[in-house]
Structures are given as C-alpha cells and as structure tokens.
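Enquirer: One structure coming up, written as structure tokens, with questions to follow.
In this note's numbering, the protein residues as written are 4 to 185.
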C-alpha cells in the first residue's frame with residue numbers, strides 16, 4: 004500500500020476510535036498545538052519526557068508565555084499534576100490506527116497513561132501498514148535488555164462495569180495524533 008493510502012487508512016481507523024488527527028509540518032507546530040489544547044482545557048502542565056534539547060527549549064518558551072509548566076522527569080512524584088502528555092511515537096500502524104511507544108522509560112509510560120490528554124507526534128516515515136511490518140524492529144528489541152512496548156489505540160475506554168462505556172478510567176480521556184511530515 005502506498006504512503007497516501009496508508010495515511011488515509013491510519014486517519015480513518017484512528018478517528019473511528021475518537022482520536023483527534025492533525026497533520027503538522029514541524030515540531031514547533033506540535034509544541035504550539037500542545038499548549039493550545041492544554042490552555043483550552045484549563046491545564047497547568049505538559050509532561051514531555053524524552054524530547055531532544057532543542058524541541059524541549061522551544062516547548063518551554065511557548066509554555067512560559069501561556070503560564071504552563073513543562074515536566075520532563077520524576078513524573079511519579081508529580082503524577083497528580085499531569086494534565087497533558089506530549090510524546091514522540093516510535094511507530095504507527097495504519098491497519099488499526101495504533102501508536103507504538105518503546106516505553107521502557109517510566110516517565111514516558113506515565114506521560115502516556117496518567118495524563119488527562121495524550122498528544123502523540125508520529126513522524127510519517129515511521130508509519131507501517133500493520134504489526135507484521137514491524138517484525139524486524141521488534142525482533143531487534145527482543146535481543147536487548149527487557150523492554151516495555153505500549154500499543155495505544157484511542158483514548159482509554161472500558162465497559163466492564165454493568166456494560167456502561169466509561170472514558171478515561173485506565174488512561175487519558177483524549178488522544179490527539181499529530182502526523183509529522185518528515
């Protein structure tokens with residue numbers, strides 16, 4: 004399947020599980036988007052573990068103007084304060100609208116699971132048709148120290164209590180997917 008069709012399939016599958024999908028051209032746009040969403044929702048923090056220094060500096064500058072605090076480490080001690088998690092996805096699976104994070108970092112796991120809103124950036128070069136297309140990459144990860152892989156499809160949802168659908172019980176209420184043209 005060619006790239007435009009993969010992108011369309013990813014968008015359709017993600018939106019089917021209420022993911023907000025946006026295309027962006029650079030990481031500055033991702034930072035501005037995260038601050039806008041956080042401000043609109045009345046949040047005071049963005050958890051952003053694992054970002055490169057240049058992107059983190061840009062995010063901090065934009066957040067400072069909006070009076071939003073950037074959290075990058077020791078998120079366990081700040082768990083009750085997490086509003087928005089801003090992460091970089093390792094892969095995307097078009098077939099199911101799924102994000103894959105190599106989440107061996109506890110701070111990354113907490114940003115993706117405990118924040119009210121998770122905003123994930125997916126470089127389009129990391130988009131795969133399905134999980135079988137990741138076999139070589141996943142095999143490589145299996146030969147290194149133990150890893151934690153998270154496959155995320157949509158925001159948290161459950162209907163295990165009296166079959167009533169409830170959002171945000173086991174993770175974020177919202178998932179935003181920013182597709183980065185790289």
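Using N, Cα and C, we set each Cβ at its ideal position, and we do this for glycine too.
As the structure is a computational prediction, the values presented were derived from the model and not from experiment.
1. Identify, in the order they occur along the chain, each residue of the same chain with its Cβ nearer than 7 Å to the Cβ of residue 109, setting aside the five sequence neighbours on each side.
2. If you draw a straight line from the alpha carbon of residue 88 to that of residue 49, how long is it in whole angstroms?
3. Looking only at C-alpha atoms, which of 122, 100 and 81 sits nearest to residue 154?
4. Along the beta strand (DSSP E) that carries residue 25, what are the first and last residues, could you check?
5. On a Cα-Cα basis, can you pick out the residue from 77, 29, 8 and 182 that is closest to residue 57?
6. Exposed or buried, residue 121, counting other C-beta atoms within 10 Å across all chains shown (16 or more means buried)?
7. Where does the unbroken beta strand (DSSP E) through residue 89 begin, and where does it stop?
8. Looking at C-alpha atoms only, which residue of 152, 66 and 115 is the closest neighbour of residue 123?
Expert: In this structure, then:
1. Here residue 109 refers to the residue found at position 106 of the chain shown. Same-chain partners within the cutoff: 79.
2. Taking the first residue of the chain shown as 1, we reach residue 88 at position 85. Taking the first residue of the chain shown as 1, we reach residue 49 at position 46. Each residue's alpha carbon lies about 6 Å from the other.
3. As a first step, residue 154 is located in the chain shown; it is residue number 151 there, counting from the start. Selected option, being the one with the closest Cα: 100.
4. Start at 1 with the first residue of the chain shown, and residue 25 comes out as number 22. Counting along the chain, the beta strand (DSSP E) containing residue 25 begins and ends at 23-27.
5. Taking the first residue of the chain shown as 1, we reach residue 57 at position 54. For residue 57, the nearest C-alpha among the options comes from 29.
6. As a first step, residue 121 must be located in the chain shown, where it is residue number 118. So residue 121 counts as buried.
7. For the purposes of this step, residue 89 is taken as the residue at position 86 of the chain shown. Note, residue 89: beta strand (DSSP E), 87-91.
8. In the chain shown, residue 123 corresponds to position 120, counting from 1. Closest by alpha carbon: 115.
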